[in-house]
Amino acid sequence: MQYSSNQQAAQAYRSAAIAVPPLQAVVMLYDGAIMSLRRSISAAEQRRFEDSHAAMIRATAILRGLSHHLDFDRGGAVAERLHRTYNALIMACLRSYGRPDAAARFARIIASLSELRDAWKFVASTTARPARRG
121 MQYSSNQQAA QAYRSAAIAV PPLQAVVMLY DGAIMSLRRS ISAAEQRRFE DSHAAMIRAT
181 AILRGLSHHL DFDRGGAVAE RLHRTYNALI MACLRSYGRP DAAARFARII ASLSELRDAW
241 KFVASTTARP ARRG
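Below, the structure is given as structure tokens:
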């Protein structure tokens, strides 16, 4: 099951990278990770633990994909920081799953991902604008 989820996440990443501008693809991947964690919470509340686990694994697969596609040569310190952040979020997901307070923990992870997503969306919107002349 995990292998299939990883394949799906990799395919989603490749599809997004081909079909949309790179910064927009990053925003879409954050959206996917956030939605997956929300699905994990919902499934756990409905006692559908297999679905909850699969959704959490999908979120971590997306984060791994983002981490593995960082360009450390061009990104420098920012890429290093994102790498540490992604790994910390992955570990937080894995440590949170199955705990009595998993929903609250996932909510904090979602809040962190939402901040990152909003920052990338802002960057995407500022770089997508044509330069003003005059």
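121 is the number of the first residue of the sequence shown in my numbering; add one for each residue after it. The C-beta atom is built at its ideal place from N, Cα and C for all residues, glycine as well. Since this is a predicted model, take the numbers as computed values, not measurements.
Which of helix, strand or coil DSSP assigns to aspartate 221 = coil
query = Grouping DSSP H, G and I as helix and E and B as strand, with all else coil, what is glutamine 144?
reply = helix
request  = Locate the alpha helix (DSSP H) running through leucine 190, then write down its first and last residues.
outcome  = Per DSSP, leucine 190 belongs to no alpha helix (DSSP H) and is neither H nor E.
query = How long is the line joining the alpha carbons of aspartate 171 and serine 156, rounded to whole angstroms?
reply = 10 Å
query = For proline 127, which of Ala139, Arg167, Thr180 and Trp240 has the nearest alpha-carbon?
reply = Inspection of the sequence shows that residue 127 is occupied by glutamine rather than by proline. Glutamine 127 has its Cα closest to that of Thr180, out of Ala139, Arg167, Thr180 and Trp240.
CA nearest to the CA of valine 147, picked from Arg237, Val243 and Thr247 = Arg237
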